[in-house]
Each structure stands twice: as C-alpha cells, then as structure tokens.
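Residue numbers (this note's numbering), protein chains in the order written: chain A, 153 to 503; chain B, 5 to 221; chain C, -14 to 127.
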C-alpha cells in the first residue's frame, strides 16, 4: 500500500494559506452541521487526514445524483476531488473508458485494500444481469467484486438507497437497493431524488475528517440531515396550524404562501434537510417555491398514492367494490330479517 | 409495504367494506321486521312528522329526570360535540372526506381542534369512571360497553399524540391512528356504537308508536 | 442561473426569526464584555424564511471596517453598525457562498495573520534577498 500524503501536506504543497485552510474548515463544520466551536478540532483532524480513495459505481440511475454533486458548492466538487478525496473511478466523469477504466478501478482497489470508499448511485437489477452492465460486467457482479476491500459503502440517491424509480411498481427489472445486497460492510444511505448536494459531500467530509461514518437512523440515513421531518422545520408550518391552506396552485392561498398540505405535501412523513439546508446554496426548496414536497428521500415514495393526493386521503379502491359491499349488506340484512320475522311470528299473535 | 401503506390502503379498504355492509345489514334487518300489531285505534296519524319530532325532543331530558341526569348528560354532550368537531372540522380530516365525497368545507385552526380533542378525552374518561363506580351501571355494563368506549377513544387519543410524538416517529403514529379508525369502522355497525345510525330509527319508531297511542311525546 | 447573489424573494414573509437572533447577539456582547468570551453564530444552521436573511443584514447595518479576504475564493469580513458584531461571508473560487457567520468578538480570528503563514512568509522574505542582490525573487511575489 502506498503512503498517502495528509490533507495538510497537500494543501501546503498547493500554497493554500492558513487563512484559506481556516475557511475550508469553517465551511466543513457548517457542512457537517457542527457548531463553530468544533472548527479547531476539525482543523486538527483535517491536517492529519489522508485522502481516501473513492470508487464511484453508477448502476441503474439517471445520473441526477452525479449532477447534484457537481452542483455542490461547499466545498466545490473539484475542490473535494482534488483536495480531499482521490476519485479513482467514476465512469461518467473520468476520461478513460472500457478496459483502461476497469484497470484503474482494480488498481485503486488493490492499492487501498480495506480502506477505500465505494459510492453507489442507481439501483441494481436482479431480474436479468443484462439489464444494466458496464464494460460487459453486470451491476451485481461489479458491486460484489468492488466492495470486497471497501471500508464502507455509501448508497447515494433514492435508487441506490431504496430502489427508487426502477424499483417502483411494477419494478420490471427486479431492481433492488444496495442495502438489500451488501450485508457485511457498513452501508450509509444518502437518499433523495436527488439528494441535497451538500449532504452528499457532508458524508464524505465526515469520513475524511473523523475517519468514521455518521450516526444513522432506522433507514441507514445520517441523523444530522435526516433526523427531522420537513414538516417540523417548514417555515409554512404556522399556516398549517392556523388552518390556512392553498387549495389550488394559483389561488389566493398559494400566492400568500400558505401550507401546501391539501395539494399533496408529504412533508409530515419525509425526513430530509430541505427545509433548513435548502437547495442551490441555500436559495430555496420545493415548498418555498410553491410545490408540495414529494417525499423523495423516503422508501417507495413513487408508490405512496400520488404526489398530489393529500397525506390524509385513503386509497379506497373502486366504487364497484363498495357497491358490492352494500349489496352484501342488503343480502345479510334480508336474511336476518327473514329469521327475525319467523321469530316474531312465533311470539306474536296476529291482530 | 410498510405499516403506513397498509393502514392507508388495504386496512381502510376492508374497514370501509365492513362499515358499509354492516350498517346496511343492520338497517335492512331491522326495517324489514314485521310491525308490531296495534290493538287499539290510533289517536293521531303518527306519521313521519311524529318520528322527526321525537328524534329532536329526545335530545333533551324530560323534566322529572333533568336534575338526576345532568352530570352524565353534560359529559355526553361534550363527548359527542367534541368528537364531531375533531372529525369534521380538522382540515386533514376534511381532505380525507373530500377524497370520496368530492366537496369540502371550512375547518378550524389546529389549536381549537386540539382543545376539542382534549375535552372529548377528558369527558370520556369521566364517563368511564362513572360507569365503573356507579353500582347500577357497573352491574349492567358488558363487553360491548367497554369495547365500544375503547375503540371510540383510541382514534382521538392517537390523534392527540401525533403532534406531540412522545418519542415515536410521525409516520408510525399516523399509521396507528389510521388503523384505530379502521378498527372503529369495523366495530361500529355491530354493538352499541350502532346507535350512531340506529338512534334515528329507534327514536322515530317510538315517536310514531307513541303518537298513535296518544302518549305525550 | 447564478448562485453568486442571494435571490431576493418577491413576497417577504416575516417569521420572527430576526428579533430573537438580535437578542442572542446582545447576550453574546455581554459575554464578550464581561468574560472576554467570543461567540460564533453559523447562519446556515438557522432556517430563514424568504427575506429574513436580508432583514437581518439590514438590521445589523454597516460599520467602519470592511475587509476583503482572498484565500480559496473571496470572503467579506465586515464590522456591522454595532462594534464587536462582525458579518462574515465566505465564497469559494467559483464565487458561490460557502458560509455565513456572525462573530461577536473584538476581531475575527481569520482577520489576524496566522502563525503558519507568518513563518512561511518570513522564510520567503529571507530567500528573496539571499539568492540575488536587491532583485526580488519572482516566487516571493506570489
């Protein structure tokens, strides 16, 4: 295994001043949702951290998660790649392809055995290995081969974390999630469709800074960003409490920025950081822009009854079945009445 | 399928079928019974209007009994009114009804609903205590009484816990709340909760019969 | 779309986040005066409604000192109209905001020259006139 320089050594060699490094540490603390008082500890940890090797595997995905990451501004992806991690394999971003790329992947695995991070976006089709392949290798085979020497696996995006849109009803490819397949390595889920870019880099930064993975909730998501529901942090919550709702997308309530519950907002059951961290460097998030939350960081969010069906509507099936139940009621009632009338005849005299 | 999907989907569907079938079963079963024979000439026609009149007047205690029954009567009114306020005037519930009725109506702010809910639970508890401590009531109370009380209180209590969480995740609380409503819907047509639709039949029948017999209604 | 400037919302919606924050700053100033204890508030950790961040910035205003730092991107370090209360905005090399802080202190740490940099600079200065005569080493000018 080759010796990897520490981040401090790398930054010093690049001529980054101490002030620049302090900025970087402050941004990292902010990113990790840590209080500013932790900055000295982060600075200390970062100075001595070594760039981990990162192998990024893209399976059945739309590339939205990579797109989201390239929009990450804090730290910049380029900064993250060149300063913090060694992105040794990413078949969308890298220049090499085919055999050369696969050779690079194997080399990175060998050189960093037991220490590299595997990042996965996209679900894995189990219906037929031919549904999704890279360089002729099926997604399943590549995943199982690559995680052998991995320190941890990070499933990025709802497809990798929970199956996502390929896994939605009727799931024609037999898509499964990373945690369905990886049982003997720590798995961190960073769901979202796509995940907030800052959250992706925060998980990597956490690993880089503290050499450990963040605290996870019951779905394997970092508690720092998926510990609260959108509903509990939404700035429109007072309107929900006051009973002020938008009924349609352009009515008075919508224009006044009232609660979007009636338009199908899944905020109450969705755990994500959109309401606090927001999107596009803190610009806004779907609800602030007037659209109800889709619940995209939750398992099976595509099959929750519709984006515009309010959370409190039942999925009542067909009217015919209900009419059938009514008919059954009539039949049972008639039968009961017949029995009842017989009993009545026995005990009552006719007038 | 997780608990919430089950609660919102199959559980509510089955509950709805049993609810509809059960109510119609009991109504048809009762209405199709033979009328009791009349052994005297009717004093008054005793038609539909008589039925409606008694449905209304039985909401108020007859004068001789007013004093003795004031306490449970008040509690009963708080419980029923609170119950309907919570069900019909809480906006997420209104949205639920809009799902199959097709129309909605204005609701109340959440704080008012919460207050009504708490009042309902408190009066419900007071009535249970009365049932357990009053010797006559204790003697005549059966499984039906206690179970009906339980399935009525459960949705309200679970609903009141939801904003407070008490350490449980929201989607779990929502699933439990919806399941408790499903249980209520399944039990309601049978047992004493059937009074919710049968009270009109019983009061109406009493009204018609009594008026024909010339009794004061 | 540029991320360089915060987008000002058309309908500002006051949610009352600003007043408690100003109150917190007052308490931090007390700690600074009485115990010499500085405070840093990370604005990214607070959920602002649209328009509230601007409201906060306007409430604090501009003071006598305005500094621009150029390290891994530009940073603005400004003392607000209230001495001891500093507004910091860090941007990366792309010009995007990577951090916003309010520091209640006599002088933000990042304004001060850092030991590591001083040491490196001294070495460079030494090298600059050891190699050749009065000519500056091109490297030293970086």
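Cβ coordinates follow ideal geometry from the N, Cα and C atoms, glycine included. None of the values given here were measured: they were computed from a predicted structure.
Do residue 433 of chain A and residue 348 of chain A come within 7 Å of each other at the CB atom, strictly closer than that value?
-> Working through the first chain from its first residue, we reach residue 348 of chain A at position 196. Working through the first chain from its first residue, we reach residue 433 of chain A at position 281. Remark: C-beta atoms of residue 348 of chain A and residue 433 of chain A do not approach each other more closely than 7 Å.
Under 7 Å by beta carbon: chain A residues contacting residue 5 of chain C = Numbered from its first residue, the third chain carries residue 5 of chain C at position 20. Going along chain A, no residue has its Cβ under 7 Å from residue 5 of chain C, so there is no contact; the nearest lies around 15 Å.
Could you spell out where the alpha helix (DSSP H) holding residue 84 of chain C opens and where it closes?
-> Your numbering for residue 84 of chain C matches position 99 in the third chain. Not the alpha helix (DSSP H): residue 84 of chain C falls in the beta strand (DSSP E), residues 82 to 89.
Cβ neighbour criterion (16 or more within 10 Å) applied to residue 230 of chain A | One-based indexing of the first chain puts residue 230 of chain A at position 78. Only weak support is given to the placement of residue 230 of chain A: the predicted model assigns it a pLDDT of 43, under 50, and the question is left unresolved by the model.
Kindly indicate the opening and closing residues of the alpha helix (DSSP H) around residue 179 of chain B.
-> Mapped onto the second chain, residue 179 of chain B falls at position 175. Start and end: 174 to 191.
Would you verify that the beta carbon of residue 233 of chain A is, or is not, closer than 7 Å to some beta carbon of chain B?
-> Counting from 1 along the first chain, the entry for residue 233 of chain A is found at position 81. Bear in mind that the predicted position of residue 233 of chain A carries a pLDDT of just 48, short of 50, making it unreliable; the figure below should be weighed with that in mind. Not one chain B Cβ lies under 7 Å of residue 233 of chain A.
If I'm right that residue 189 of chain B touches residue 22 of chain B with Cβ under 8 Å, what's the distance once you round it to whole angstroms?
-> One-based indexing of the second chain puts residue 189 of chain B at position 185. One-based indexing of the second chain puts residue 22 of chain B at position 18. The Cβ separation is near 7 Å, so the contact holds.
What first and last residue would you give for the beta strand (DSSP E) that runs through residue 339 of chain A?
-> Residue mapping note: residue 339 of chain A aligns to position 187 of the first chain, counting from 1. Element bounds for residue 339 of chain A: 339 to 342.
Hey, how far is the Cα of residue 71 of chain B from the Cα of residue 82 of chain B?
-> Residue numbering aside, residue 71 of chain B sits at position 67 when the second chain is read from its first letter. Residue numbering aside, residue 82 of chain B sits at position 78 when the second chain is read from its first letter. Each residue's alpha carbon lies about 18 Å from the other.
What is the rounded straight-line gap between the Cα of residue 37 of chain C and the Cα of residue 8 of chain C?
-> Residue numbering aside, residue 37 of chain C sits at position 52 when the third chain is read from its first letter. Residue numbering aside, residue 8 of chain C sits at position 23 when the third chain is read from its first letter. Each residue's Cα considered, the two are about 15 Å apart.
Continuous alpha helix (DSSP H) assignments of at least 4 residues falling wholly in the stretch 188 to 221 of chain A | 191 to 200
Contacting positions in the stretch 185 to 208 of chain B - beta carbon closer than 7 Å to chain A = Within the stretch 185 to 208 of chain B, no residue has a Cβ that lies closer than 7 Å to any Cβ of chain A.
What span of residues does the alpha helix (DSSP H) with residue 243 of chain A cover, start to end?
-> Taking the first chain and counting its residues from 1, one reaches residue 243 of chain A at position 91. Neither: residue 243 of chain A is in no alpha helix (DSSP H) and is coded neither H nor E.
Inspect the CB distances between the stretch 259 to 269 of chain A and the stretch 294 to 307 of chain A and report whether three or more fall short of 8 Å.
-> Result yes; three or more Cβ-Cβ pairs closer than 8 Å.
Return helix, strand or coil for residue 233 of chain A, following the three-state DSSP convention.
-> The count along the first chain starts at 1 and reaches residue 233 of chain A at position 81. In this predicted model, residue 233 of chain A has a pLDDT of only 48, less than 50, meaning its place in the structure is not dependable enough to derive any value.
Alpha-carbon to alpha-carbon, residue 36 of chain B and residue 61 of chain B | Mapped onto the second chain, residue 61 of chain B falls at position 57. Mapped onto the second chain, residue 36 of chain B falls at position 32. Rounded to the nearest angstrom, the two C-alpha atoms are 26 Å apart.
Does the beta-carbon of residue 191 of chain A have 16 or more other beta-carbons within 10 angstroms, so that it is buried, or is it exposed?
-> Here residue 191 of chain A refers to the residue found at position 39 when the first chain is read from its first residue. Counting Cβ neighbours within 10 Å, residue 191 of chain A comes out buried, since at least 16 surround it.
Measure the CB-CB distance between residue 321 of chain A and residue 403 of chain A and report whether it falls below 7 Å.
-> For the purposes of this step, residue 321 of chain A is taken as residue 169 along the first chain, with counting starting at 1. For the purposes of this step, residue 403 of chain A is taken as residue 251 along the first chain, with counting starting at 1. In this structure, residue 403 of chain A does not lie closer than 7 Å to residue 321 of chain A by Cβ.
Between residue 425 of chain A and chain C, is there a C-beta pair that is closer than 7 Å?
-> Numbered from its first residue, the first chain carries residue 425 of chain A at position 273. Not one chain C Cβ lies under 7 Å of residue 425 of chain A.
Quick one: is residue 38 of chain B near chain A, going by C-beta distance under 7 Å?
-> Stepping through the second chain from its first residue, residue 38 of chain B is reached at position 34. Yes - at least one Cβ of chain A is within 7 Å of the one on residue 38 of chain B.
Give the DSSP bridge partners of residue 64 of chain C, in chain order.
-> By one-based count along the third chain, residue 64 of chain C stands at place 79. Beta-bridge pairing links residue 64 of chain C to C:71.
Using only the heavy atoms of the ligand NAD, determine whether one of them is closer than 6 Å to the beta carbon of residue 404 of chain A.
-> Absence of the ligand NAD from the depicted structure is noted, as is the absence of any ligand whatsoever, leaving it without description.
Delimiting residues of the beta strand (DSSP E) encompassing residue 307 of chain A = As a position in the first chain, residue 307 of chain A is number 155, starting the count at 1. 302 to 308 is the extent of the beta strand (DSSP E) around residue 307 of chain A.
Taking the Cβ atom as the reference point for each residue, do residue 145 of chain B and residue 197 of chain B lie within a distance shorter than 7 Å?
-> Within the second chain, the letter at position 141 stands for residue 145 of chain B. Within the second chain, the letter at position 193 stands for residue 197 of chain B. Their beta carbons are not under 7 Å apart, which means residue 145 of chain B does not touch residue 197 of chain B by this criterion.
Chain-ordered chain B contacts of residue 464 of chain A [CB-CB under 7 Å] = By 1-based counting over the first chain, the position of residue 464 of chain A is 312. The contacting residues are 96, 97, 99, 100.
Compute the beta-carbon to beta-carbon distance between residue 418 of chain A and residue 399 of chain A, rounded to the nearest angstrom, for a pair I have assumed lies under 8 Å.
-> On the first chain, residue 418 of chain A is found 266 positions in, with the first residue counted as 1. On the first chain, residue 399 of chain A is found 247 positions in, with the first residue counted as 1. Incorrect: roughly 18 Å between the Cβ atoms, too far for contact.
Residue environment, residue 251 of chain A, which counts as buried when at least 16 other CB atoms sit within 10 Å = As a working note, residue 251 of chain A is residue 99 in the first chain. Under this definition residue 251 of chain A is an exposed residue.
Whose CA, out of B:133, B:178, B:92, B:17, lies closest to the CA of residue 150 of chain B?
-> Numbered from 1 along the second chain, position 146 holds the residue referred to as residue 150 of chain B. Among B:133, B:178, B:92, B:17, the Cα nearest to that of residue 150 of chain B belongs to B:133.
Under the DSSP definition of a beta bridge, which residues are partnered with residue 285 of chain A?
-> As a working mapping, residue 285 of chain A is identified with position 133 in the first chain. Answer by DSSP bridge pairing, in chain order: A:290.
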